[in-house]
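Taking it in order: structure first as structure tokens, then the write-up.
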Amino acid sequence: RYVKSRSDKQLWNKASESDTSNCSPEDKTKGNAPIVPCGLIAWSLFNDTYKFSMNNKDLTVNKKNIAWSSDRGSKFGPNVYPKNFQSGELIGGGKLDESIPLSEQEDLIVWMRTAALPTFRKLYGKIETDLEANNEIEIVIQNNYNTYEFGGKKNLVLSTTTWIGGKNPFLGMAYLVVGGLSLFCAIGFILLYVIKPRLNCTFSPCLAMWTMTHMPPQHMWQAMLMWHLEGQKCYYGSYGVKIANLLEIHPTCLGTEIQGS
29 RYVKSRSDKQ LWNKASESDT SNCSPEDKTK GNAPIVPCGL IAWSLFNDTY KFSMNNKDLT
89 VNKKNIAWSS DRGSKFGPNV YPKNFQSGEL IGGGKLDESI PLSEQEDLIV WMRTAALPTF
149 RKLYGKIETD LEANNEIEIV IQNNYNTYEF GGKKNLVLST TTWIGGKNPF LGMAYLVVGG
209 LSLFCAIGFI LLYVIKPRLN CTFSPCLAMW TMTHMPPQHM WQAMLMWHLE GQKCYYGSYG
269 VKIANLLEIH PTCLGTEIQG S
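Here it is in structure tokens:
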């Protein structure tokens, strides 16, 4: 219910601000006015704040370009502004500036990209000052976001990002596991092919004619299926029914070339 509690049409198009059908219970005010942005995801917007300093000097946190450009440009409209947000009796999280369009509310955009797992990270901002090992940073935390009611935990992570993103051990382990299983299966198939190769015989016009004259009429359409050769017995493709001993095939079929397929 939480993940679906949003309106993508409303986030993108000002004309769809009344589209709140999936946003209950945070869909409308008591006066029946639509909430923009509506839904539980926006309502639970993370609102802790952090202040960083080093050597008694403030470290500036850049909160621009922390959201995906694709989200800013195609999911959150430049002409859609917050309206009636966090105006009810129960306040879930942070508030939004009603003078700033949703496409520029990057904290909201980051938060609205829901995580696949219960433990996740959200980008708060970027410290663009060079930091060295063993630097001591003083952090003042304003603890606004309530996680105590559901037993949640919050952690502050300082990490270096590259063009492929930050540290993500789960993704690396997942790739290793899937790659290892794929390699194991490939080796198994190769050994199976070498130890017990599959012998096939392709469609033979002569053999097909023999089958069509000996099979029940209701199975005529199956005569064009592939044949499987097992030892000296030829079996009908999908049912494994023996149709002929290769040494007993109609004389006109003798000498017909049977090839692998």
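Basically this note's numbering = 1-based index in the sequence shown + 28. By construction, the Cβ of each residue, glycine as well, lies at the ideal position given by its N, Cα and C atoms.
Indicate the three-state DSSP secondary structure (helix, strand or coil) for residue 41 in the structure shown. coil
By Cβ distance below 7 Å, which residues in the same chain neighbour residue 4 in space, the five residues on each side in sequence not counted? It is not possible to answer for residue 4, since the shown part of the chain is limited to 29 through 289.
Could you tell me the distance, in whole angstroms, from the CA atom of residue 88 to the CA atom of residue 157? Rounded to the nearest whole angstrom, the C-alpha separation of residue 88 and residue 157 is 8 Å.
Comparing C-alpha positions only, which one of 186, 54, 128, 180 sits nearest to residue 30? Minimum Cα distance to residue 30 is reached at 54.
Please tell me whether residue 39 and residue 104 are closer than 9 Å, where the distance is taken between their beta carbons. yes
Using 8 Å as the cut-off, can you tell me whether the region 197 to 204 makes contact with the region 169 to 182, which would need three or more C-beta pairs spanning the two stretches below that distance? no
Any idea which residues DSSP pairs residue 89 with across the strands? 155
Check for me: the beta strand (DSSP E) holding residue 97 runs from which residue to which? For residue 97, no beta strand (DSSP E) encloses it; the enclosing alpha helix (DSSP H) starts and ends at 97 to 102.
Going by other Cβ atoms of all chains shown within 10 Å of its Cβ, with 16 needed for buried, is residue 73 buried or exposed? By the 10 Å Cβ count, residue 73 comes out buried.
Check residue 221 in the structure and name its three-state DSSP category. Helix, per DSSP.
Beta strand (DSSP E) segment containing residue 166, residue limits: 166 to 170
Simplified DSSP state of residue 138, which is helix, strand or coil: helix
Would you kindly report the start and end of the unbroken alpha helix (DSSP H) that includes residue 68? 68 to 71
Start and end of the beta strand (DSSP E) containing residue 77? 77 to 82
Answer with buried or exposed for residue 168, where buried requires no fewer than 16 other C-beta atoms within 10 angstroms of its C-beta. With fewer than 16 Cβ atoms within 10 Å of its Cβ, residue 168 is classed as exposed.
Spell out the partners DSSP gives residue 111 in its beta bridges. DSSP output for residue 111 lists 64 as bridge partner(s).
Among 147, 58, 44, 75, which has the Cα closest to the Cα of residue 170? 75
Verify whether the separation of the beta carbon atoms of residue 292 and residue 106 is less than 9 Å. Since the displayed the chain opens at 29 and closes at 289, residue 292 lies outside it and no answer follows.
Among residues of its own chain, excluding the 5 on either side of residue 45, which ones have a beta-carbon nearer than 8 Å to its beta-carbon? The beta carbon of residue 45 sits closer than 8 Å to those of 38, 62, 64, 108, 111, all from its chain and outside the five residues before and after it, given in chain order.
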